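>
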Amino acid sequence: MNIKIYGFTQKEKIQSTLSKIGIKQEIIDETIKLNYEIRDTQYFEDDEKIISQRIEKLKKLFVKDERNYIISQDLITIFGEKLGENYKHYLNLFIKYTPYEYEKIFSKMIYSLDNGEVSNFQNYMNQISKTYKNTPVIIELAKLFTINNFEEKQIQTEKVLNLLKEEKDREKIGVSDEEYHFMRLTYFLNKIRNYYDNGEIEKAVSEYLKNVNTTKVSDEVKNYNLRAEVILYFNVVLMNEQISDELKKAVNISSLEDTWVASKIKEETEKDSKFLDKMLQ
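Position 50 of the sequence shown, counted from 1, bears residue number 695 in the numbering used here, the numbering being contiguous throughout.
1. For residue 733, which of 752, 747 and 715 has the nearest alpha-carbon?
2. Once DSSP output is grouped into helix, strand and coil, what is the label at residue 729?
3. Figure out for me which residue from 901, 895, 841 and 826 has the closest Cα to the Cα of residue 864.
4. Give the DSSP-derived three-state secondary structure of residue 781 in the structure shown.
5. Report the rounded CA-to-CA distance for residue 823 versus residue 654, giving the unit in angstroms.
6. Looking at C-beta atoms only, is the number of pairs between the region 691-701 and the region 734-741 that lie closer than 8 Å three or more?
7. Helix, strand or coil: how does DSSP classify residue 812 here?
8. Runs of 4 residues minimum, wholly inside the region 683-736: which ones carry the alpha helix (DSSP H) assignment?
9. For residue 864, which of helix, strand or coil comes out of DSSP?
10. Taking only the alpha-carbon atoms, compute the straight-line gap between residue 848 and residue 840 and give it to the nearest angstrom.
11. Taking only three categories from DSSP, how would you classify residue 856?
As structure tokens, then:
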């Protein structure tokens with residue numbers, strides 16, 4: 646994958662889309678702040694108290710303006726199973742106000758899939774194929790939801806990542822730099838772990854150094870995805886320790902210590918000795 650500098654941040658996405666809807670700047674500012682606060686919840690947070698607090702914060706902000714599709718989207722995608730009967734309420738409002746038409750169909754499609762409504766799910770898939778036949782990335786994104794096999798999902802994810810390499814293509818469908826970067830980090834974490842599981846440890850470390858560390862990404866995007874960055878990096882560091890070739894291991898250590906995330910870990914650990922533990926818990 647080519648080296649790329651991203652240019653459509655989550656902050657810009659929220660500011661642009663909510664202001665066009667007519668939402669007050671004060672609410673937009675609160676949305677940007679809260680979106681950043683809860684960004685790790687879906688994949689890295691299991692403390693029920695923290696989860697409940699974040700749900701309440703979202704609900705409190707949402708009542709200020711139900712057109713805030715960012716908040717309704719966060720509620721249904723991150724905390725959906727915690728909403729109970731209210732899930733459909735937030736889903737309907739998200740569908741009503743999201744400025745991205747394909748997301749309206751996607752949301753109905755995922756709801757049907759989660760509720761075992763196979764016929765409805767297939768109808769929405771067919772609708773996407775017909776409506777967006779000239780927008781391949783939307784069709785390929787939809788296919789991701791139908792794949793369970795690891796290798797097939799990796800192939801499909803790589804296809805989507807390649808289709809979204811250009812910032813202008815991501816902006817058209819509302820995929821921010823941070824969202825794209827997280828997808829990319831997850832793809833490479835899975836790829837690297839697969840190499841490791843197959844005994845290809847040197848290849849796993851090399852994959853990180855050649856294809857993850859070389860990507861030019863703004864600090865804003867990296868900090869938004871800091872936990873994912875740290876987890877991937879720490880996995881690679883541990884893998885490198887198992888390389889039998891001492892010279893190769895030493896060269897890798899030097900390269901790993903020269904990365905942005907290594908410097909960030911050092912910087913944050915100097916401020917908080919438990920930083921790494923918090924990131925990896």
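Beta carbons are placed, not taken as given, at the ideal position from N, Cα and C, and that holds for glycine.
Every value quoted in this text rests on a predicted model; they were computed, and no experiment measured them.
Short version:
1. 752
2. helix
3. 826
4. helix
5. 6 Å
6. no
7. helix
8. 686-689, 693-707 and 714-723
9. helix
10. 7 Å
11. helix
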